[in-house]
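In what follows, a structure is listed as structure tokens, so that the remarks can point back to it.
In my numbering, the protein residues as written are 532 to 1746.
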């Protein structure tokens, strides 16, 4: 089976199986999963296939044992959160590793961290953690991988969720761990058993199997040794019994059995009785290489084939006649005896009512009875009256005859006498005196009768006995007649007087070439071989000894016989059992078993076939084994084949075909297998039948209050207008909520969005009250005339005036410095700021709005900044000294100057470098570097601008081709390609044909090339050129040609590709099963469905009947009727079985179809010219022939004797 090759052995066979099969007949599939103890790793499932095994791996794993990572994203399908995209970054033979591409605003290994933060300064987080300010007093550290804790000081123990397998020990490391493998394992996770078979010494006749820390060579059948290098001599164990000879094979042995034994090891005694050799009901006893038949009574011989003559044993007594029967005998008893052996005397006196007549007394004797008669009667049965005339005193010479009366008599007188006793003589002629018409003449003294010829006596009363002289001889019968006689010759004599002894040999009575010897009334024939009988007329019945064996019919021939063997036997004596199996009558690989006892053979069918000749294919499909398809009964082991419905596969169509194998789901979407189709489960942010289209989250206008919406991947970003915040810019910003006013200043929110005002506390000033302020500072000191300025707790100043020598002076401003020109004098000042002196200022001597300070006996002009001179008449150029540092621009003002500092500097003279980085001016996580006079933002890729505030629009160059939509992202762009295009820039037309979507496409010639394609790629679509018989967009639907019900006569229609097949019921054929098979006519001429001349009658479908000729019966006319079985022939006749009949060979004296009638041979008058004398029943008759006729074979007088044979005529005459 299963395409194995058969090798013929002595009385046996050996099957060499293909890889993957085993068993005596290669009928079993090797279970390699169990045989090799295959362990599929990582939840893989071992599937046994023909010739090997296959590990069905869990999603994300691959390799022979599912030991390698194929796609970590399939192993951890839910690790990347917040709409992140999972990218597999695993390397061969390493643990699963993936990377999450987070959506905007999220970070972390799995994108769990929301990084929207408003921190304005960086707190130092340990181990590279990033700090984000929660509020003015707290922060959060976003720790790098491997660290945790508030300040990222705690090392995460990755061993809590490790992948170490096979009992490995996990050692924690920074942002990882290490697996310490136990002995026998290796790999990053100790997931792989060390293949000790690599470099093993196992021969190619073995399979290397890894065991604990080593390997073992698992030898193929028939080999042994440490490395399976030696072939096993299976004969060493002496498996063959009873003197058999053992032949070593590869992985097996073969026993050549001694005569009389069989079996694989010759341990079974051959059943010599299996052919039922003992005939006629004999019992067979099996011996070693022979058998013994215990014959029933009446039979003998090796096979009880000889019916011995029971008559030889003298069972029949009292002179009875014994007739030999088949296994029996029959005694024909003489009168007076009965029972089986004629041993019982019949009481003749009781056999009938009063056998002795006329009052006689019956006495029983052995085999007879005797009657003692009453007076006047005599005879065996006293039926004869006694002739009393014997004692009569009358002269017998004068009487003609005596008539007996009861106890009396009456004389009939001779002519010439009268009287009671005929005592009175007649002396003259009277009428009737002379008998028989003779003339009477009276003569003197009396009368004279003139007798007619043939008569004599005084009264012519005496018929002359012409036979008295025995003219016919001593043995023949002479019948006297009137004046003559008639001779009836005894057999063997002829002539008028039977004087001539017949030469019985002259008529050539010996037939069939026999030699004749003349004898008295007979002849003897010396017959040639094979002939017998008195006239050699009988062909010796060589069949009488039953030479034909096995119930064969014996036909007697001359000096021979011919055996007509029953079906199943041959040979001169039908001694040879015909091997009916020689013609290979058993079909479909069946084993033929010859059955000589039944005169036929028996077919032992292989699995899947039945019928007398295994010609009928068993319909294994009757149990509906195919779950989702049509069952096709086939002539192989297994018995059926499932033609699966579209979408199903497997031996029994039990597996739903994974349509996701050839899916076209895009953008890492998950394919969900459905029946005959599939569904793409899109990741967040994607939509469309194949998840090919990115969702435009801005389409629903989610941003409020005139905010700008930027579409992101699986999200959107709202750029809020001033004064608004929130994910959708729907929250009014409370500008004071973030405490923008520093140093305890009071924040007052404006009614206009985005505007607020800071009310500074004492000692602070500026827009945000950020700048410290001292009222007694040089710039702000109000006290004059060298008075002392004291700062008050409420932030105001008080001046303490002094008396003493002073200078009369005038004051002017130079370069923002007051310049005094003075002379000594006693000075006395007063006023809040010690500003009051003698008021010399009443005349307004100070120009240019110079302030006149009344002094003691003097005045002075306190010029407005920018003026000088005693009367402030000179405008001072405060910028002349170039007071502004760091390229600050000096603006000359009245009594002062103003430095407009370049960016990055501050201070009245622009002498201070502003640390712009303190305010974290760099947006989008840009790094701030403080520089003299400014700062520099080192932007992350994808951002630009002084503050990294500009998201670089990578889409500005229109990189997306073919109408692809460009979505700007951080440091990159993403092209959302129009359907039908792919590539980073949508530059590649997606070859929709690349995935072979056309499941059953037909190769189509193209105009530009000699190649042909079943799929034509177009923009965002493909066109399938379906093979004939397929339809739909992907050619996946097989057109069901069976819908039109094309098959006739109950045939099953199986839809195929572009065609259909009609699987006919047995007995029909034709493409449409429209033809009823004539089983009888279509059978091979060398092979007859009906035996023995039976007529095959075709029936419906594959049925047929056999009309048997007379004499045969059975379904196939294989049984000949033995009409002799009922012993129809009677009276010891021999029954010869014929075809449709029998022939009774009757014993002599009997006739009839069954030899039931005793022949009265004389009734038919066989002795036409003679006298027939009947003999005893069964012993024939004898003809006594008239002269001129002769007995022919003792049967008749039909041949006139040729007298010319007796005496020849003279030479000149012709007889």
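From the three backbone atoms N, C-alpha and C, an ideal C-beta is built for every residue, glycine too.
- Per DSSP, residue 1591 is one residue of the beta strand (DSSP E) stretching across 1590-1594.
- Scanning its chain for C-beta atoms nearer than 6 Å, with the 5 sequence neighbours on each side dropped, one finds around residue 1366 the residues 1315, in chain order.
- The beta carbon of residue 1458 is closer than 6 Å to those of 1469 in its chain, skipping five residues each way along the sequence.
- For the pair residue 628 and residue 711, the Cα-to-Cα distance works out to about 19 Å.
- Shown here, residue 670 sits in a strand according to DSSP, grouped into three states.
- Across the set 1253, 900, 1222, 826, the C-alpha of 1253 shows the shortest separation from the C-alpha of residue 1237.
- DSSP places residue 1700 outside both helix and strand once states are collapsed to three, so it counts as coil.
- Between residue 1421 and residue 1410, the beta carbon gap of about 4 Å places them in contact (Cβ cut-off 8 Å).
- Under DSSP, the beta-bridge partners assigned to residue 704 are 707.
- Here residue 894 is exposed. Its C-beta has fewer than 16 other C-beta atoms within 10 Å.
- With fewer than 16 neighbouring CB atoms inside 10 Å of its own CB, residue 816 falls in the exposed class.
- Counting along the chain, the unbroken alpha helix (DSSP H) around residue 1612 starts and ends at 1610-1613.
- Residue 1330 has 1320 as its beta-bridge partners, per DSSP.
- Of the residues 1000, 999, 982, 826, the one whose Cα lies closest to the Cα of residue 992 is 982.
- By DSSP's assignment, residue 1084 forms a beta bridge with 1095.
- Judged by their CB atoms, residue 779 and residue 771 are not nearer to each other than the 8 Å cut-off.
- Between the alpha carbons of residue 1553 and residue 1523 lies a distance of about 6 Å.
- The beta carbon of residue 1156 lies closer than 8 Å to those of 1162, 1171, 1173, 1183 in the same chain, with the five residues before and after it left out.
- Judged by DSSP secondary structure, residue 563 falls within the alpha helix (DSSP H) whose first and last residues are 563-566.
- Secondary structure note for residue 540: its beta strand (DSSP E) is the uninterrupted segment 536-540.
- For residue 724, same chain residues with a beta-carbon under 7 Å away, outside a window of 5 residues either side, are 715, 716, 741 in chain order.
- According to the DSSP assignment, residue 1057 belongs to the beta strand (DSSP E) that extends over 1053-1057.
- For residue 1436, the three-state secondary structure derived from DSSP is strand.
- Of the other Cβ atoms in all chains shown, fewer than 16 fall within 10 Å of the Cβ of residue 1462; this residue is therefore exposed.
- By the C-beta density criterion, residue 774 is exposed, having fewer than 16 other C-beta atoms within 10 angstroms.
- Annotation: residue 1309 to residue 1285 spans about 36 Å, alpha carbon to alpha carbon.
- According to DSSP, residue 981 shares a beta bridge with 970.
- Under DSSP, residue 905 takes part in no beta bridge, so it has no partner.
- For residue 1487, no beta strand (DSSP E) segment is defined, and its DSSP state is neither H nor E.
- A distance below 8 Å separates the beta carbons of residue 1465 and residue 1435.
- For residue 1308, the three-state secondary structure derived from DSSP is coil.
- For residue 1507, no alpha helix (DSSP H) run applies; the uninterrupted beta strand (DSSP E) run containing it begins and ends at 1503-1507, by DSSP.
- Within the segment 1228-1288, the complete beta strand (DSSP E) segments at least 3 residues long are 1239-1243, 1246-1250, 1277-1280, listed from N- to C-terminus.
- Membership of residue 606 in the alpha helix (DSSP H) is indicated by the continuous run 603-606.
- Take the alpha-carbon of residue 687 and the one of residue 610: they are about 18 Å apart.
- In the DSSP assignment, residue 1315 falls outside any beta strand (DSSP E), carrying neither H nor E.
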